[in-house]
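This report concerns only the one structure given below.
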Amino acid sequence: MENMLVVFGLSSESYLVGCGRRFSWKNFPQSLTEIIQSGGLTMPNTAWIIDQPFRITTICFLSVTRDMENWVAYNRMTAKRYFSPGLEPGIRDQLLGIQSNVKHVSFGDADFGEFVVTRYYSSAWYGRLRSPLLAESKTLQRDRPNFDGHLEAIIIGQGENHIYALTNGFVAYFDDAVDADPDHPLPKIVNEFAGDNSPWRILPDSALCPWDSHYFFLNFQQAGSNIIQRRWNLPAEMGEKVQELRAIMEAERNGGLIAAQNRFALAMMTGQALMHLSR
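Note that my numbering gives residue 415 to position 126 of the sequence shown, counting from 1, and the numbers run on in steps of one.
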């Protein structure tokens, strides 16, 4: 399955989407788009991936603060971390540590300065949470075995809507307005994959819209496998851009496969000719 990236901005007029090796963005921080344009968040252009245009970005995560002032991204292929010049020192120190093992950075309420930093190979995470999320986290630490070790990210949306992305599942919370709406798409989708014995987890590159709970992009992975199911509901322009990029990626992938088949056929013909000459 192709890699995809969806990041919400301040409104429907501000977003970033990626599919294949291509990105599209609108009204995003210049310091971030300069990194994208320089190729910092895509695979290096080496020979073995030339025929794989559907492999994006090897971005582990790209997170932007609600006020669009700061951002953090990590390219797992190059093992490089990028961040905005004004990023909070505490987060920056985590990223620049000599043995930095930051797995994910989440941002929440901008006025409160809410954030969460999780780490690889560690049961410790670092952050600043509003009282409701802090209380929930303490409850989960008490009720779920090794909650801290399984926590990959807290995906924070509008109001009190948020999801704890865990290596062994997920926990989703919705505010009263969402719970009271029987036709709301977010809980409908989440409940498809929920349950005490559910084999599904939500990956940390998922996103909840910070300004409208109806919009989201969720990656579900089945335990013990590479099976991924995606569900999204995006503002019209974002959705159109995603479809455009997917169509381009599919065309490039088909072109790459045809080119690979042609090279294989040529190699076979050349091999047969050499065999004939050697007789």
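Think of the CB as a built atom: it goes at the ideal place given N, C-alpha and C, for glycine as much as any other residue.
**Item:** DSSP-derived helix/strand/coil call for Thr407
**Value:** strand
**Request:** Determine the DSSP secondary structure at Glu481, reduced to helix, strand or coil.
**Result:** helix
**Presumed contact (8 Å Cβ cut-off) between Tyr410 and Asn390, rounded CB distance** = 6 Å
**Asked** Gln403: buried (16+ other C-beta within 10 angstroms of its C-beta) or exposed?
**Response** The residue you asked about is not Gln; residue 403 is Glu in the sequence shown. Classification for Glu403: buried.
**Request:** Determine the direct distance from the alpha carbon of Glu541 to that of Leu418, and round the result to whole angstroms.
**Result:** 43 Å
**Asked** In three-state DSSP terms, what is Glu425?
**Response** helix
**Prompt:** Going by DSSP, what residues sit across from Ala512 in a beta bridge?
**Reply:** Partner(s): none; Ala512 has no beta bridge.
**Message:** For Asn515 and Ser313, what's the separation of their Cα atoms in angstroms?
**Reply:** 27 Å
**C-beta contact flag for Lys530 and Val394 at 8 Å** = no
**Message:** Considering only the alpha carbon of each residue, which of Leu507, Asp472, Ile517 and Phe463 lies closest to Pro488?
**Reply:** Ile517
**Request:** Taking only runs that begin and end inside the region 303 to 328, name each unbroken beta strand (DSSP E) of 3 or more residues, in chain order.
**Result:** 304 to 308 and 311 to 315
**Prompt:** If you follow the alpha helix (DSSP H) that His439 is part of, which residue opens it and which one closes it?
**Reply:** Phe436 to His439
**Message:** Residues in the same chain with beta-carbon distance under 7 Å from Cys498, minus the five sequence neighbours each way, listed in chain order, please.
**Reply:** Phe297, Gly446, Gln447, Tyr504 and Phe505
**Prompt:** Measuring CA to CA, which of Gly544, Glu539 and Met527 is closest to Leu294?
**Reply:** Met527
**Asked** Per DSSP, which one or two residues make a beta bridge with His451?
**Response** Ile445 and Tyr462
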